[in-house]
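Written below as structure tokens is the structure these notes are about.
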Amino acid sequence: MAATADLQVLIQKFQKLSEEEFKEEDTNVFLVTCQKCLEEEQLDVLLDIIKDEKNQVLLRNMGWNLIGPITRCIQTCALGSEKEKACLQMLRGLIQLCNPKEILLGILEQIDEAAGDHISRTILTLLQPLQIVLLKLGNKKSYSVGLSLSTLHSRLSSLPVPYTTEQMREDKHSLCQCCLALVQFAQPFIDIVSQSIGISKEPDVQEMRKELLTFCFSCLKYPLLSAQLNTLPEDEGDNPFHVFAKEIMDFLLSLGESLSRTFVQRVHSAQTKDAEGSVPEKETDTPESLACLTYLLFVHHIGMDGFPFVFGPTFVVKSNMEHVDVLLKRTEESVLSKGLDLLEHSLLRVDNDRLPEDVLDVTAVHQVLQDLVKVMTLCPIEHLRKKSLAMLQLLIDKFCVEGKYKLFRCLLKISSHSGVEGYIIHNIKNQIDVALKTDSQNRWFLGSRLGPLLHSALSLPEGAETDLLQSSDRIMASLNLLRYLVIKDSDNEVSIQTGVWAELTKIEQAFLKPLHTGLNMSRAHYEAEIRSTNEKKKGSHSEKPLCTVTAGGNKLPDMTPEMQLQVLQSALFTFDLMESVLARVEELIELKLKSAPDEKIGSSKDV
2 MAATADLQVL
12 IQKFQKLSEE
22 EFKEEDTNVF
32 LVTCQKCLEE
42 EQLDVLLDII
52 KDEKNQVLLR
62 NMGWNLIGPI
72 TRCIQTCALG
82 SEKEKACLQM
92 LRGLIQLCNP
102 KEILLGILEQ
112 IDEAAGDHIS
122 RTILTLLQPL
132 QIVLLKLGNK
142 KSYSVGLSLS
152 TLHSRLSSLP
162 VPYTTEQMRE
172 DKHSLCQCCL
182 ALVQFAQPFI
192 DIVSQSIGIS
202 KEPDVQEMRK
212 ELLTFCFSCL
222 KYPLLSAQLN
232 TLPEDEGDNP
242 FHVFAKEIMD
252 FLLSLGESLS
262 RTFVQRVHSA
272 QTKDAEGSVP
282 EKETDTPESL
292 ACLTYLLFVH
302 HIGMDGFPFV
312 FGPTFVVKSN
322 MEHVDVLLKR
332 TEESVLSKGL
342 DLLEHSLLRV
352 DNDRLPEDVL
362 DVTAVHQVLQ
372 DLVKVMTLCP
382 IEHLRKKSLA
392 MLQLLIDKFC
402 VEGKYKLFRC
412 LLKISSHSGV
422 EGYIIHNIKN
432 QIDVALKTDS
442 QNRWFLGSRL
452 GPLLHSALSL
462 PEGAETDLLQ
472 SSDRIMASLN
482 LLRYLVIKDS
492 DNEVSIQTGV
502 WAELTKIEQA
512 FLKPLHTGLN
522 MSRAHYEAEI
532 RSTNEKKKGS
542 HSEKPLCTVT
552 AGGNKLPDMT
562 PEMQLQVLQS
572 ALFTFDLMES
582 VLARVEELIE
592 LKLKSAPDEK
602 IGSSKDV
């Protein structure tokens with residue numbers, strides 16, 4: 002109660018002063034005394050002082066300093082409590098009395114200083130007062146609107162984005178609630194600009210448009226880039242981020258932003274943007290925000306009503322590859338899944354076997370191929386690895402025959418993973434089979450053009466020194482391809498079509514002979530390891546002695562001799578499998594060599 006009495010004394014003193022007579026120490030004393038009243042929960046007293054017309058001069062000079070104490074008081078209140086209502090009444094009273102610019106700075110200072118659990122509460126509390134202050138600024142408010150939006154977005158960006166449905170429902174940090182409140186906060190300023198488009202060329206309106214566009218593109222990067230938007234159509238209204246995404250895209254359209262121009266300009270970023278209606282890229286869009294915009298357009302069709310679709314399927318694939326690359330280079334599950342979904346929806350617009358080979362001339366396509374390989378081999382999330390492999394196959398299916406041929410050669414060059422290389426070699430076999438079964442004039446997978454591709458597929462990366470276990474997937478796929486070609490060669494016509502016999506000498510030197518040597522060396526090494534392990538097992542007095550083994554070039558965790566023997570026997574089984582297929586291939590080749598004239602076989606007989 003002492004604070005209340007002190008405050009009343011100060012008020013009586015200050016009511017007698019004119020604006021010119023107030024001093025800095027007066028402000029400090031007034032502020033400290035008001036803080037004590039708030040701490041003692043004497044809110045009614047302070048509210049009455051703010052409402053009293055006799056104190057207007059006092060509050061015009063000192064009132065904005067109360068924004069901080071009142072905000073901190075609200076942070077201790079229960080939501081919807083009488084205490085909170087009284088604090089909000091104080092804020093509204095100060096807004097009516099004080100200089101709008103001073104109140105604006107006071108509010109933004111509180112938002113900027115908010116941390117941890119206070120961020121969302123502070124923002125939700127001060128959004129409406131902030132909106133009222135900005136609307137009171139008159140015609141020159143663009144800078145203040147931009148500063149307010151950037152401050153709000155900056156503080157929200159420190160909050161984690163809920164991903165699962167349960168997390169969104171819980172909304173632990175109130176981010177979902179804040180996003181929807183931001184839409185209501187920005188709407189009046191969007192309306193000011195949209196109503197002036199084509200009518201007013203006021204510099205402040207044009208500047209405000211830039212600030213609002215910057216805000217929209219910032220929201221595409223956060224939180225929408227990380228948000229989960231894959232909900233069922235009937236559940237879209239329950240997903241706050243889906244609602245927020247629709248609002249942001251509507252804002253862009255209301256601001257006169259041409260989504261099609263943004264789409265094309267990003268694809269041809271080297272070109273100079275039109276001066277009219279455009280915003281310098283550095284002030285608005287980033288690769289991440291544009292990738293998210295493209296994702297919303299082509300995957301969820303949000304904003305598609307404002308997108309005059311005049312682009313062909315091939316152009317869309319070429320254009321979206323840059324955005325897919327941006328998304329697939331991230332490591333978050335939510336962003337990676339967006340990249341894979343965008344790639345899928347882009348490719349599905351193209352008929353099978355119709356994507357032209359010149360798509361491979363786009364630099365971003367090569368980046369995406371490398372991204373897919375990394376995701377399918379390194380990503381710890383299983384469903385993303387499977388989806389990445391499915392997207393690689395979809396890409397293969399969409400290319401024309403020449404495109405498939407060039408794609409396979411490219412993949413065999415850029416991939417350093419045996420499983421991926423084995424998968425590509427299996428696809429090569431399938432394409433040869435299609436070429437042999439169809440009466441097609443395209444000869445990319447037959448004859449002389451097939452030769453270079455075969456040499457890429459039928460080879461060992463490091464010759465006889467190749468780690469056969471680590472490369473087992475590729476080697477088995479290569480052996481199966483060669484076996485298929487030899488078996489398929491049942492008549493002279495097929496022999497001429499595949500051309501495999503004309504290339505046999507090179508295949509022997511690059512693949513068969515090094516593989517023989519490598520198998521012999523590897524088998525000898527692993528058999529020696531087995532003998533050594535058995536000896537250690539016999540000589541050990543420990544019930545479960547531990548030892549270390551290296552397999553496939555990787556050091557495995559310490560294991561018992563029994564476990565080590567299982568690993569070594571598994572390696573020998575893999576070598577047995579390779580040798581059995583290799584023996585079958587050599588047997589078929591030998592039979593062909595004995596039955597065919599020497600001059601028709603491009604191979605020596607000492608296979």
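Read in order, the letters of the sequence shown are residues 2 to 608 in our numbering. Don't be surprised by glycine CBs; every beta carbon is placed ideally from N, CA and C. The model shown is predicted, which means the values in this text are computed figures rather than measured ones.
Taking only the alpha-carbon atoms, compute the straight-line gap between residue i and residue j and give it to the nearest angstrom.
{"i": "cysteine 88", "j": "arginine 122", "result": "14 Å"}
{"i": "lysine 283", "j": "histidine 324", "result": "Residue placement at lysine 283 is poorly supported in this model, since its pLDDT is 42, which falls under 50; the coordinates are not used for a value here."}
{"i": "threonine 287", "j": "glycine 304", "result": "19 Å"}
{"i": "isoleucine 133", "j": "isoleucine 108", "result": "11 Å"}
{"i": "alanine 529", "j": "threonine 561", "result": "17 Å"}
{"i": "valine 280", "j": "glutamine 188", "result": "Residue confidence is low: valine 280 scores 44 on pLDDT, short of 50, so the model does not pin down where it sits. No coordinate-derived value is stated."}
{"i": "serine 227", "j": "leucine 98", "result": "42 Å"}
{"i": "threonine 152", "j": "phenylalanine 264", "result": "28 Å"}
{"i": "valine 309", "j": "arginine 262", "result": "For the sequence presented, residue 309 should be read as proline rather than valine. Cα-Cα distance, rounded: 10 Å."}
{"i": "aspartate 354", "j": "serine 255", "result": "40 Å"}
{"i": "aspartate 251", "j": "alanine 4", "result": "51 Å"}
{"i": "serine 523", "j": "methionine 477", "result": "16 Å"}
{"i": "arginine 73", "j": "leucine 138", "result": "25 Å"}
{"i": "cysteine 380", "j": "glutamate 345", "result": "18 Å"}
{"i": "histidine 119", "j": "lysine 142", "result": "27 Å"}
{"i": "aspartate 352", "j": "aspartate 468", "result": "40 Å"}
{"i": "isoleucine 425", "j": "glutamine 168", "result": "40 Å"}
{"i": "lysine 102", "j": "alanine 6", "result": "31 Å"}
{"i": "serine 82", "j": "threonine 166", "result": "30 Å"}
{"i": "glutamine 13", "j": "alanine 79", "result": "33 Å"}
{"i": "glutamate 630", "j": "glutamate 40", "result": "Past the edges of the chain, shown from 2 to 608, lies residue 630, and the structure says nothing about it."}
{"i": "leucine 413", "j": "serine 457", "result": "7 Å"}
{"i": "glutamate 463", "j": "lysine 539", "result": "37 Å"}
According to DSSP, which residues form a beta bridge with residue i?
{"i": "phenylalanine 1", "result": "The structure shown has nothing for residue 1, since the chain only spans 2 to 608."}
Over what stretch of residues does the alpha helix (DSSP H) that includes residue i continue unbroken?
{"i": "glutamate 42", "result": "From DSSP, glutamate 42 is part of no alpha helix (DSSP H); its letter is neither H nor E."}
{"i": "valine 363", "result": "No alpha helix (DSSP H) contains valine 363, which DSSP labels as neither H nor E."}
{"i": "methionine 305", "result": "Neither: methionine 305 is in no alpha helix (DSSP H) and is coded neither H nor E."}
{"i": "phenylalanine 242", "result": "241-255"}
{"i": "leucine 162", "result": "Reading off the sequence, residue 162 comes out as valine, not leucine. Here valine 162 belongs to no alpha helix (DSSP H), and DSSP marks it neither H nor E."}
{"i": "phenylalanine 15", "result": "3-15"}
{"i": "lysine 430", "result": "419-438"}
{"i": "lysine 220", "result": "It should be noted that the sequence gives cysteine, not lysine, for residue 220. 204-222 is the span of the alpha helix (DSSP H), which, as asked, contains cysteine 220."}
{"i": "alanine 478", "result": "473-489"}
{"i": "glutamine 90", "result": "83-98"}
{"i": "cysteine 180", "result": "176-195"}
{"i": "leucine 329", "result": "314-329"}
Using a threshold of 8 Å, state whether the C-beta atoms of residue i and residue j are closer than that.
{"i": "leucine 44", "j": "phenylalanine 31", "result": "no"}
{"i": "phenylalanine 1", "j": "glutamine 229", "result": "As shown, the chain starts at 2 and ends at 608. That puts residue 1 outside it, with no answer to give."}
{"i": "lysine 222", "j": "glutamate 171", "result": "no"}
{"i": "leucine 47", "j": "cysteine 35", "result": "yes"}
{"i": "glutamate 504", "j": "leucine 455", "result": "yes"}
{"i": "leucine 390", "j": "methionine 377", "result": "yes"}
{"i": "leucine 157", "j": "leucine 176", "result": "yes"}
{"i": "alanine 182", "j": "leucine 127", "result": "no"}
{"i": "methionine 392", "j": "leucine 437", "result": "no"}
{"i": "serine 338", "j": "leucine 385", "result": "yes"}
{"i": "serine 347", "j": "phenylalanine 299", "result": "yes"}
{"i": "histidine 154", "j": "serine 219", "result": "yes"}
{"i": "leucine 343", "j": "leucine 328", "result": "yes"}
{"i": "phenylalanine 23", "j": "asparagine 66", "result": "no"}
{"i": "cysteine 179", "j": "isoleucine 112", "result": "no"}
{"i": "leucine 213", "j": "valine 194", "result": "yes"}
{"i": "leucine 482", "j": "isoleucine 429", "result": "yes"}
{"i": "valine 146", "j": "phenylalanine 186", "result": "no"}
{"i": "leucine 480", "j": "methionine 579", "result": "yes"}
Below 8 Å CB to CB, which residues in the same chain sit around residue i once its five sequence neighbours on both sides are set aside?
{"i": "alanine 276", "result": "Below a pLDDT of 50, predicted positions are generally treated as unreliable, and alanine 276, at 40, falls in that range; no measurement from the model is reported."}
{"i": "arginine 484", "result": "Val582, Arg585, Val586 and Leu589"}
{"i": "arginine 447", "result": "Sequence inspection shows leucine at residue 447; the arginine mentioned does not correspond to that position. Within the same chain, leucine 447 has close Cβ partners Ile433, Ala436, Leu437, Gln498, Thr499 and Gly500."}
Kindly list the residues whose CB is nearer than 6 Å to the CB of residue i, restricted to its own chain and excluding five residues on each side of it in sequence; keep chain order.
{"i": "isoleucine 508", "result": "Leu459"}
{"i": "leucine 95", "result": "Gly64"}
{"i": "leucine 566", "result": "Thr534"}
{"i": "phenylalanine 15", "result": "Leu59"}
{"i": "serine 472", "result": "Ser419"}
Near residue i, what residues of its chain come up, given a Cβ to Cβ distance below 7 Å and the 5 sequence neighbours on each side ignored?
{"i": "lysine 407", "result": "Glu358 and Leu361"}
{"i": "serine 149", "result": "Leu109, Leu131 and Leu135"}
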